[in-house]
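Asks: Chains A and B, in that order, are what the protein sequence lines are. Using our numbering, you'd call the opening residue of the first sequence number 34 and step up by one each time. Using our numbering, you'd call the opening residue of the second sequence number 28 and step up by one each time. Before I ask anything, let me first share the structure, which is written out below as structure tokens.
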Amino acid sequence: MDRDRSSLRERHMEFLYFPGCTLNTKAQNLDEAGRGCAKVLGFELKELSNWTCCGATFPLAKDDIMALAPPARLLARAKEEGSTLTTLCSVCFNVIKRTNQLIKGDEEKREKINTFIEMNYQGDVQVLHYLEILKREVGFDTMKGALKRNLQGMKVAPFYGCMLLRPFEEMEFDDKEAPKIFEEFLDAINCEPVDFPYKIECCGAFQSVGAPEVAVECAYAILNSALRNGAEAVTTTCPLCQFNIDNMQREIHQRYNGFPGIPIIYFTQLLGVALGLPVETLEFHRNDVDPRPLLKKKGLL
Amino acid sequence: MKIEISRGKVHNAFAQKVEEISGQNLFACYQCGNCTAGCPVSFAMDLGPHQVIRYSLLGLEEEVLECNTFWMCASCLQCTSRCPKGLDIARIMEAIRLVILRRKERLDRLEVAELSDEFLERIPQIALISGFRKFTS
Ligand code: SF4
Ligand code: SF4
Ligand code: SF4
Ligand code: SF4
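Structural data, given as structure tokens:
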């Protein structure tokens, strides 16, 4: 274990970090825990200077170049400050990574975008999600060596949602129908990953604004599936997923009488618990269904 | 419903516009229904995504623009990832939204003024911003 820790320190890894607007406000629990864990694991998250919102949607119309400007601009700035850019929010990750792929592969659009943002960016920043940093750069084995609390026996359902994975060819994240990285992560922190058929389903995304009654049904299907498969908690990487399956449980309770409710915990919060971070720094008061009773029951608080 | 099929109808201006904005060839669709079967919100749609594609090619512009399918679509890309013909159906749904949102009447699907203060307090930026991107002109 000591050897692992010291080898981490020797490597001194530094990654540019794009928090995104939601992590700066409502999803501070995702952000703060992520920053705290990075410190313990010996890598530095250097916040990108001067960032803006990425737009929260990758434009699906072929002629919509305008919506590519914000993510392109922040990629171009990242290039000036480093070589690898990381995010915690799945949606930011999706928008930035897809934009990067497009700039790399489409010369005509690259020129248009560069002319518009008055920069010269070629698509050569590496974009990694925080989970990929843990797996590829830190290493799940090394992470195991740094654990301070034992989460053994805690049954957690990993909810991937859509944006980490799709489109599969561009995101290059994991298998499109049977991804494993989240399970490997849970294994590494001694949780018991719960396999459930809804792990790559959509939570309704922005329909929580457009058609909330529909988003509630999506969330219910996901949570019901996790519960049926024995989950005690669900973990997410995305503030939109989190909102839809955590906060919207209020509506689920109104519609479905016997729904027991289930805590939804950001993956960085779980990691923070496992790494022994002080619980106050993990901002559990921001989770709508309070995970602390479960953590207490497991002897972790 | 009686539908008259002609060459002109199949290559109608509406379908062409959808193809242009989405960059997808609607004729590639062979109506297997995979997209609709895997769609997490199809239960709330008037027509399945595969029907929307066929209706467009049949020149049923009004029926398509009046159905709620593309407004219900959550851009989750499940259909896109599973279409055996490689069609990006999520782009087709976006294109139809844009046919409406780009009209000069600016008929937005979502009105900020109609969202309650309590709801605005509650939702995270990410939901609002992506919602506005999808539902307003
Ligand atoms: S995707 Fe969301 S969290 Fe990320 S920057 Fe955009 S709006 Fe903010
Ligand atoms: S499940 Fe919903 S919020 Fe989560 S990534 Fe997918 S679209 Fe986004
Ligand atoms: S999955 Fe593809 S080919 Fe099948 S109906 Fe849908 S769009 Fe058509
Ligand atoms: S992208 Fe839209 S149409 Fe396709 S599966 Fe998702 S919600 Fe359904």
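Virtual Cβ for every residue (Gly too), placed ideally from N, Cα, C.
Would you give the residue range spanned by the beta strand (DSSP E) that K59/A belongs to?
Replies: Looking at the DSSP string, K59/A is not in any beta strand (DSSP E), and its letter there is neither H nor E.
Asks: For H38/B, which three-state DSSP category applies?
Replies: Three-state result, H38/B: coil.
Asks: May I ask you to verify whether the stretch 120 to 139 of chain A touches the stretch 191 to 203 of chain A, counting CB pairs closer than 8 Å and requiring at least 3?
Replies: Touching, yes.
Asks: What residues in the stretch 45 to 70 of chain A have a beta carbon less than 8 Å from any beta carbon of chain B?
Replies: Correct list: G53, C54, T55, T58, K59 and A60.
Asks: Based on Cα-Cα distance, which residue from G35/B, F41/B and L155/B lies nearest to L92/B?
Replies: Looking at the Cα atoms, F41/B is the closest of the given residues.
Asks: Leaving aside the five residues before and after G75/B along the sequence, list all residues of the same chain whose C-beta is less than 8 Å from its C-beta, in chain order.
Replies: Once the five neighbours on either side are set aside, the close Cβ partners of G75/B are G60, C62, T63, C66, S69 and T96.
Asks: In whole angstroms, give me the CA-to-CA distance for R169/A and D207/A.
Replies: Between R169/A and D207/A, the C-alpha separation is close to 13 Å.
Asks: Rounded to a whole number of angstroms, what is the C-alpha to C-alpha distance between R36/A and L184/A?
Replies: Only weak support exists for where R36/A lies, its pLDDT of 45 falling under 50; the coordinates are left without a value.
Asks: Distance cutoff 8 Å, beta carbons only. Does A64/B sit that close to anything in chain A?
Replies: It does not: the Cβ of A64/B has no partner Cβ on chain A nearer than 8 Å.
Asks: For Y182/A, which residues of its own chain have a beta-carbon under 7 Å away from its beta-carbon, when the five flanking residues on both sides are left out?
Replies: A small fix is needed here, since residue 182/A is Arg in this sequence, not Tyr. V306, A307, G309 and L333, listed in sequence order.
Asks: Spatial neighbours of R325/A within its chain, please: C-beta separation below 7 Å, excluding the five flanking residues on both sides.
Replies: If we look at R325/A and ignore the five residues flanking it on each side, its Cβ neighbours are F317 and L334.
Asks: May I have the straight-line CA-CA distance separating L108/A from A60/A, to the nearest angstrom?
Replies: If you take the alpha carbons of L108/A and A60/A, they lie about 22 Å apart.
Asks: Are there 16 or more other CB atoms within 10 angstroms of the CB of I222/A, so buried, or fewer, so exposed?
Replies: Flag for I222/A reads buried.
Asks: Specify the secondary structure class of Q159/A as computed by DSSP and reduced to three states.
Replies: Three-state result, Q159/A: strand.
Asks: Output the boundary residues of the beta strand (DSSP E) element that contains K188/A.
Replies: That run of the beta strand (DSSP E) goes K188 to P191.
Asks: My parser needs the beta strand (DSSP E) runs of 3 or more residues fully inside the stretch 163 to 227 of chain A; what are they?
Replies: If we require 3 residues or more, the beta strand (DSSP E) runs fully inside the stretch 163 to 227 of chain A come out as 188 to 191.
Asks: So that I know if they touch, is there some Cβ in chain A lying closer than 8 Å to that of Q43/B?
Replies: Not one chain A Cβ lies under 8 Å of Q43/B.
Asks: Given 7 Å as the limit, tell me if P111/B has its C-beta closer than that to any heavy atom belonging to ligand 3.
Replies: Checking every heavy atom of ligand 3 against the Cβ of P111/B, one is found closer than 7 Å.
Asks: Which residue from D139/A, Y163/A, I98/A and M187/A puts its Cα closest to that of L63/A?
Replies: It is Y163/A.
Asks: Give the C-beta separation of N277/A and A252/A to the nearest angstrom, bearing in mind that I take them to be a contact with Cβ-Cβ under 8 Å.
Replies: Contact holds; Cβ gap of about 5 Å.
Asks: Could you tell me whether any non-hydrogen atom of ligand 4 is closer than 7 Å to the CB of P67/B?
Replies: Flag set: Cβ of P67/B near ligand 4.
Asks: Between G103/B and chain A, is there a C-beta pair that is closer than 8 Å?
Replies: Inspection of the sequence shows that residue 103/B is occupied by Cys rather than by Gly. Yes, contact with chain A.
Asks: Just the C-alpha distance for R106/A and I136/A, rounded to the nearest angstrom, thanks.
Replies: Approximately 11 Å between the Cα atoms of the pair.
Asks: Return no unless some Cβ of chain B is closer than 8 Å to the Cβ of L308/A.
Replies: No, L308/A does not count as interfacial toward chain B.
Asks: Output needed in chain order: residues of the stretch 77 to 99 of chain B with a Cβ under 7 Å from some Cβ in chain A.
Replies: From the stretch 77 to 99 of chain B, only W98 and M99 have a Cβ closer than 7 Å to chain A.
Asks: With respect to 7 Å, is the separation between the Cβ of L114/B and the closest non-hydrogen atom of ligand 3 below this value?
Replies: The answer is yes for L114/B.
Asks: Roughly how many whole angstroms lie between the Cα atoms of E165/A and E216/A?
Replies: Roughly 13 Å between the two C-alpha positions.
Asks: If we define contact as Cβ-Cβ less than 8 Å, is K161/B a contact residue for chain E?
Replies: No chain E appears in the structure shown, which is made up of the protein chains A and B.
Asks: Applying the criterion that 16 or more other CB atoms from any shown protein chain within 10 Å of the CB defines a buried residue, is F146/B buried or exposed?
Replies: Result: exposed.
Asks: According to DSSP, which residues form a beta bridge with V267/A?
Replies: DSSP output for V267/A lists A190/A and I297/A as bridge partner(s).
Asks: Which stretch, first to last residue, makes up the beta strand (DSSP E) that contains F76/A?
Replies: Here the beta strand (DSSP E) through F76/A covers F76 to E80.
Asks: Does the CB of S39/A have a neighbour CB from chain B at under 8 Å?
Replies: With a pLDDT of 49 at S39/A, under the threshold of 50, the predicted position of this residue should be treated as unreliable, though the coordinate-derived value follows. Chain B contact via Cβ: absent.
Asks: Should C224/A be counted as a contact of ligand 3 given a C-beta to heavy atom distance under 7 Å?
Replies: No.
Asks: Give the secondary structure of M281/A by DSSP, where H, G and I count as helix, E and B as strand, and everything else as coil.
Replies: If DSSP states are grouped into helix, strand and coil, M281/A belongs with coil.
Asks: Can you tell me whether E234/A is helix, strand or coil according to DSSP?
Replies: Here E234/A sits in coil by DSSP.
Asks: Check each residue of the stretch 250 to 261 of chain A: if its Cβ is closer than 8 Å to any Cβ of chain B, include it; give the result in chain order.
Replies: Of all residues in the stretch 250 to 261 of chain A, E250, C251 and A254 have a Cβ within less than 8 Å of some Cβ in chain B.
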